[in-house]
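Once you know that position 102 of the sequence shown is 102 in the UniProt record's numbering, the rest is easy, because the numbers rise by one and skip nothing. In this text, a Cβ means the ideal position worked out from N, Cα and C, and glycines have one as well. Since the model is a prediction, treat every value here as computed from it, not as a measurement.
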Amino acid sequence: MAKVKGQKGTGGGANSHLRARLSYLYNAAIYLQNAAKQSKNDDIDNTGNSGEVKMMSTPSRIVPHVMDSSTVSGKDSLCGSGTEKPGVPLPQISRVCISQMRGVSLKSQLRLPIEQKRSFCKRCDTLLIPGANCTQEIRNASRGAKKPWADVRIVRCNTCGTEKRFPQTERRSKKLSQRKKEQKEQKSSEQGHPAAPA
């Protein structure tokens with residue numbers, strides 16, 4: 001008996017395992033980036049002005065640290081020789097997760113949602129967090145910024161210096177005559193005279 005077209009199994013649709021993998025990699029990148037940011041804030045809070053370390057509070061969650069390749073190969077002793085090299089920083093692992101996510105989406109030809117696609121730098125795979133590792137500003141290249149539909153949000157990655165541009169407003173959908181009519185009404189209301197009926 002042939003399978004009826006249009007029926008889907010309970011598996012959640014085609015490529016559900018790939019979508020789950022993309023979601024996992026994205027959430028892991030966010031977690032690692034936030035953990036790095038939190039550990040940096042904890043280091044700042046725990047050091048005093050004189051350089052002494054204050055009493056450290058127990059963290060609410062344990063963040064795994066990756067060992068350096070020289071430590072794993074046996075060049076440095078694991079017992080602690082006094083000069084321990086820091087492992088791979090967490091933002092680097094976050095970048096690896098974003099890179100893998102992009103590779104999976106390209107290979108499987110699945111589009112990423114716009115929120116995810118705009119949240120990382122396409123050049124260096126850094127997860128963009130406003131104020132932490134990227135800057136945002138809105139520019140209007142029209143003369144005197146008279147055209148409100150020309151607003152563009154520019155996100156600049158502080159890691160590699162790449163700028164991404166996103167239009168902010170909807171496209172012009174009103175006709176020229178309608179826009180002129182609204183401008184006349186606006187000018188007349190500013191001057192205090194009622195607008196003439198059209």
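**Request:** Give every residue of the same chain whose Cβ lies closer than 7 Å to the Cβ of Leu127, excluding the five residues on either side of it in the sequence, and list them in chain order.
**Result:** For Leu127, where only same-chain residues beyond five positions count, the Cβ hits under 7 Å are Ala29, Ile30, Gln33, Ser94, Ile98, Ser119, Phe120.
**Request:** In the DSSP assignment, find the unbroken alpha helix (DSSP H) run with Gln100 in it and report its ends.
**Result:** Residues 90 to 108.
**Message:** Using a Cβ-Cβ cutoff of less than 8 Å, which residues in the same chain neighbour Thr159 once the five nearest sequence positions on both sides are dropped?
**Reply:** Cys121, Cys124, Thr126, Asn133, listed in sequence order.
**Asked** Among Arg21, Lys181, Pro91, which one has its Cα closest to the Cα of Gly103?
**Response** Nearest of Arg21, Lys181, Pro91 to Gly103, Cα basis: Arg21.
**Asked** Mapping DSSP to helix, strand and coil, what is Leu127?
**Response** Taken through DSSP and simplified to helix, strand or coil, Leu127 comes out as strand.
**Item:** Distance between beta carbons of Pro130 and Val152, contact taken as under 8 Å
**Value:** Between Pro130 and Val152 the Cβ distance is about 16 Å, and since that is not below 8 Å, they are no contact.
**Asked** DSSP state of residue 225, grouped into three classes?
**Response** Only positions 1 to 198 of the chain appear in the structure, and residue 225 is not among them; the question remains open.
**Asked** Looking at the structure shown, is Gln168 part of a helix, part of a strand, or coil, going by DSSP?
**Response** Note: Gln168 maps to coil in three-state DSSP.
**Request:** Please list, in chain order, all residues of the same chain as Leu112 whose beta carbon is under 6 Å from its beta carbon, the five residues on each side excluded.
**Result:** Correct list, in chain order: Ser105.
**Message:** If you follow the beta strand (DSSP E) that Arg118 is in, where does it begin and where does it stop?
**Reply:** No beta strand (DSSP E) holds Arg118; DSSP gives it neither H nor E.
**Asked** Do Arg143 and Ile154 come within 8 Å of each other at the CB atom, strictly closer than that value?
**Response** Contact flag unset, no.
**Request:** Can you tell me which of Gln183, Ala14, Lys164, Glu190 puts its alpha carbon nearest to the alpha carbon of Lys146?
**Result:** Considering only Gln183, Ala14, Lys164, Glu190, the residue with the shortest C-alpha distance to Lys146 is Gln183.
**Asked** From which residue to which residue does the beta strand (DSSP E) around Arg143 run?
**Response** It is not in any beta strand (DSSP E) - Arg143 carries neither H nor E in the DSSP assignment.
**Item:** Candidates Trp149, Tyr24, Leu90, Gln100: closest to Lys174 by CA position
**Value:** That would be Trp149, whose Cα lies nearest to the Cα of Lys174.
**Request:** Using the Cα positions of Lys107 and Gln100, report the straight-line distance between them to the nearest angstrom.
**Result:** One C-alpha to the other measures close to 10 Å.
**Asked** With distances taken from CA atoms, which of Gln116, Lys187, Asn15 is nearest Leu25?
**Response** Residue Gln116 is the option with its Cα nearest to Leu25.
**Asked** In the DSSP assignment, what are the bridge partners of Cys134?
**Response** The secondary-structure analysis by DSSP pairs Cys134 across a beta bridge with Pro130, Cys157.
**Message:** Let me confirm a value: Ala141 is counted as buried when at least 16 other C-beta atoms fall within 10 Å, else exposed. Which label applies?
**Reply:** Burial is judged here by how many other beta carbons sit within 10 angstroms of a residue's own beta carbon; Ala141 has fewer than 16 and is exposed.
**Item:** Own chain, CB closer than 6 Å to Glu163, minus 5 neighbours either side, in chain order
**Value:** Sequence-distant partners of Glu163 (beyond 5 residues in either direction) whose C-beta falls short of 6 Å from its own C-beta, in its chain, are Ile154, Arg156.
**Asked** Comparing alpha-carbon positions, which option in Gln136, Thr169, Thr135, Gln109 lies nearest Ala14?
**Response** Of the listed residues, the one whose Cα sits closest to Ala14 is Gln109.
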